[in-house]
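See structure below.
Protein chains in written order, with our numbering: chain E, 1 to 509; chain F, 1 to 258.
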């Protein structure tokens with residue numbers, strides 16, 4: 001029996017909560033899907049290993065000991081993973097501070113809160129490592145099968161990187177608390193998390209586009225200019241890359257550094273967490289914000305009122321804006337490709353079209369969820385003397401107007417290069433956005449806007465249908481540029497996906 | 001007490017209302033609220049009060065039965081029925097990132113109130129409910145009581161003929177509760193009809209023209225406080241004692257539903 005209030009007791013408590021949260025995420029909150037979840041997991045693991053095998057089996061054997069080019073690929077991949085881990089850890093720390101959950105209970109109890117926070121910082125590192133391994137483990141396993149067991153040392157590198165990411169994110173968040181206060185820390189930390197997560201992947205891609213005219217990150221990492229500029233193979237900076245290839249001394253050093261970073265973070269930050277969490281709780285008790293726009297809402301027509309409301313709520317929620325704009329981050333590479341094409345080789349512009357269509361579908365899905373499912377006063381709207389069709393119509397119009405605002409300039413830019421590209425982009429964007437909005441409408445639920453991040457959990461079918469739909473419309477756009485008749489096939493598949501989503505949607509049954 | 005069968009005399013008329021969730025939540029309910037009347041619906045937890053009110057406002061479709069608001073069939077013409085009524089739940093239906101005034105303009109817009117009237121009414125209500133200092137502050141920082149008052153202002157800004165309230169006094173301090181009671185009384189005096197659920201029996205006793213008592217989805221007693229006392233055989237008992245006696249009688253084996 002573990003004594004209450006000890007670190008082990010808190011660890012047991014946290015493990016139980018994490019397990020239940022994870023089960024809920026996988027099952028979508030439904031109890032009777034245990035077997036389906038297990039089968040789904042097995043299928044996912046097999047699929048990921050299959051994909052890793054197909055990718056790695058075709059590659060030539062990596063040089064052993066690794067040369068500079070191999071180190072560039074491994075080091076670049078590790079840097080990409082670490083930026084994502086850091087992003088995830090930053091985001092997790094804000095949840096520890098701000099999601100009240102059981103904090104009020106624990107902080108009001110005589111138990112030592114620093115023990116809980118020590119456990120939670122550790123749990124963060126474990127979660128970050130587990131999430132990274134979901135994608136990395138199949139690659140590591142296949143590398144071990146094809147190239148030797150020494151590749152299994154990469155597991156240690158992932159663990160060490162996760163510990164360092166957790167330690168840095170805790171330190172940065174505590175520093176932000178001290179510098180800008182609890183109220184701003186939440187938003188700033190989440191924006192930093194979003195930017196870190198996207199910046200490395202997108203930054204490398206933009207450099208690749210501007211310097212080589214390609215979207216391939218590997219091509220950039222393997223280019224002579226970059227390889228020449230990279231540190232020598234005996235540099236300490238390659239330590240993580242050497243560790244990943246199975247250099248046991250390097251693995252030991254990396255793991256020791258990771259453990260040390262985590263221990264220091266826990267030692268110095270955990271005792272302060274209780275004060276910070278209490279400060280975070282009081283952050284929203286400060287005087288409310290005064291609205292400067294006194295004439296923002298002026299009743300005109302009902303649809304206009306609804307559209308105004310959606311725009312105002314979105315504009316005034318910085319967190320939602322950051323989450324939504326994050327999706328737009330991924331438009332930067334096509335923008336630079338378009339820009340480069342406009343001033344140089346025009347054949348590359350066609351590559352932009354499917355990316356834009358895909359992004360439009362994804363952004364429309366997020367916005368449609370906010371407008372349709374993320375209604376904070378559903379009873380008010382439902383009790384108003386307006387037909388449901390007018391309500392939904394106004395909400396969908398809001399979404400499509402936002403999509404037009406974001407993607408319109410891209411379509412115009414492409415039309416200047418080639419009118420047919422502009423037309424295909426415009427039609428593809430409209431189709432993808434309309435399809436995503438329809439799917440969200442059919443699978444609508446009543447939830448708080450603040451659950452935006454977890455919207456994918458409420459309906460897996462809607463999530464898959466939305467993603468598949470965006471992909472097929474992107475494919476339709478890509479083929480339409482080459483040959484209009486070829487585009488009929490993915491276009492028809494897109495319609496079939498839409499019809500399928502409608503058939504299985506809960507609103508129909 | 002006899003009631004005319006002319007539907008237009010009733011602000012709200014529900015006949016044979018039935019709604020099943022896990023069990024029958026509302027079971028063959030007949031309930032009428034007269035025009036200009038303050039009607040309070042009482043009942044133990046799970047009696048079906050909120051389900052009844054949600055069906056009255058068109059937020060929930062009954063499995064059987066009919067609902068009409070001033071003679072307008074809620075099921076056949078929900079838009080027209082909703083036009084003359086307002087709904088206020090115990091959980092304020094407001095937007096954190098709008099100010100109270102913006103919220104009121106928004107609600108007025110939903111009910112198609114013209115711009116000038118909306119502006120005048122919104123400012124009057126804000127003053128009346130003591131919300132003027134917070135009128136330009138976003139609702140996210142308002143206390144529960146303030147939020148409830150904002151929601152009440154929203155329910156009144158389009159000047160409904162029938163106001164449906166579900167536990168409107170939950171979380172209100174004494175001063176706020178008094179303001180809300182006064183506002184509701186004034187509305188009733190000026191001809192508005194109110195149907196309200198509450199667990200605060202003192203409020204029901206002081207404010208209601210008639211009181212309905214629900215248990216297990218059915219209306220087991222209805223009338224003025226005097227009439228309820230007679231039904232319960234409770235002499236000069238308080239409403240609390242009368243209510244408990246009525247519910248207890250309903251729960252006892254072999255009881256006959258009212």
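Using N, Cα and C, we set each Cβ at its ideal position, and we do this for glycine too.
Taking only beta-carbon atoms, is residue i less than 8 angstroms away from chain E?
| i | result |
| --- | --- |
| residue 148/F | no |
| residue 94/F | yes |
| residue 231/F | no |
| residue 19/F | no |
| residue 79/F | yes |
| residue 106/F | yes |
| residue 144/F | no |
| residue 61/F | no |
| residue 49/F | no |
| residue 97/F | yes |
| residue 197/F | no |
Do you know how far the Cα of residue j is from the Cα of residue i?
| i | j | result |
| --- | --- | --- |
| residue 277/E | residue 10/E | 17 angstroms |
| residue 104/F | residue 198/E | 40 angstroms |
| residue 438/E | residue 14/E | 39 angstroms |
| residue 301/E | residue 310/E | 14 angstroms |
| residue 194/F | residue 69/F | 12 angstroms |
| residue 209/E | residue 80/E | 17 angstroms |
| residue 388/E | residue 42/F | 32 angstroms |
| residue 148/F | residue 219/F | 28 angstroms |
| residue 179/F | residue 107/F | 21 angstroms |
| residue 25/F | residue 130/E | 46 angstroms |
Residues in its own chain within less than 8 angstroms of residue i by CB, not counting five upstream and five downstream?
| i | result |
| --- | --- |
| residue 229/E | none |
Using a Cβ-Cβ distance cut-off of 8 angstroms, determine whether residue i contacts chain F.
| i | result |
| --- | --- |
| residue 376/E | yes |
| residue 371/E | no |
| residue 506/E | no |
| residue 302/E | yes |
Would you say the beta carbon of residue i comes nearer than 7 angstroms to a heavy atom of the ligand PLP?
| i | result |
| --- | --- |
| residue 200/F | Of ligands this structure carries none, so the ligand PLP is not represented either. |
Below 6 angstroms CB to CB, which residues in the same chain sit around residue i once its five sequence neighbours on both sides are set aside?
| i | result |
| --- | --- |
| residue 396/E | 437 |
| residue 393/E | none |
| residue 358/E | 470, 474 |
| residue 165/E | 85, 86, 89, 128 |
| residue 165/F | 88, 196 |
| residue 248/F | none |
| residue 144/E | 151, 152 |
Quick one, are the C-beta atoms of residue i and residue j less than 8 angstroms apart?
| i | j | result |
| --- | --- | --- |
| residue 494/E | residue 463/E | no |
| residue 63/F | residue 18/F | yes |
| residue 175/E | residue 85/E | no |
| residue 117/E | residue 270/E | yes |
| residue 167/E | residue 264/E | yes |
| residue 181/F | residue 203/F | yes |
| residue 421/E | residue 353/E | yes |
| residue 172/F | residue 138/F | no |
| residue 384/E | residue 110/F | yes |
| residue 66/F | residue 75/F | yes |
| residue 146/F | residue 128/F | no |
| residue 221/E | residue 212/E | no |
| residue 364/E | residue 399/E | yes |
| residue 161/F | residue 85/F | yes |
| residue 407/E | residue 351/E | no |
| residue 240/F | residue 215/F | no |
| residue 18/E | residue 123/E | yes |
Could you pull out every residue in the same chain whose Cβ sits closer than 7 angstroms to the Cβ of residue i, ignoring the five residues on either side in sequence?
| i | result |
| --- | --- |
| residue 163/E | 125, 258, 259, 261, 262 |
| residue 490/E | 472, 475, 476, 479 |
| residue 386/E | 302 |
| residue 295/E | Bear in mind that the predicted position of residue 295/E carries a pLDDT of just 49, short of 50, making it too unreliable to give a figure here. |
| residue 210/F | 37, 39, 222, 223, 224 |
| residue 486/E | 479 |
| residue 170/E | 93, 121, 265, 269 |
| residue 119/E | 7, 10, 11, 14 |
| residue 48/F | 25, 26, 214, 217 |
Any beta carbon from chain C within less than 8 angstroms of residue i's own beta carbon?
| i | result |
| --- | --- |
| residue 57/F | Absent here is chain C; the protein component of the structure consists of chains E and F. |
Using a beta-carbon distance cut-off of less than 8 angstroms, what residues from the segment 380 to 391 of chain E approach chain F?
-> 380, 381, 382, 383, 384, 385, 386, 387
Within 8 angstroms of chain E by C-beta, residues of the segment 107 to 132 of chain F in sequence order = 107, 108, 109, 110, 111, 112, 113, 114, 115, 118
Positions along the segment 11 to 39 of chain F whose CB lies within less than 9 angstroms of some CB in chain E | none
Residues, ordered as in the chain, of the segment 305 to 319 of chain E that lie near chain F by beta-carbon distance below 7 angstroms | 305, 309, 312, 313, 316, 317
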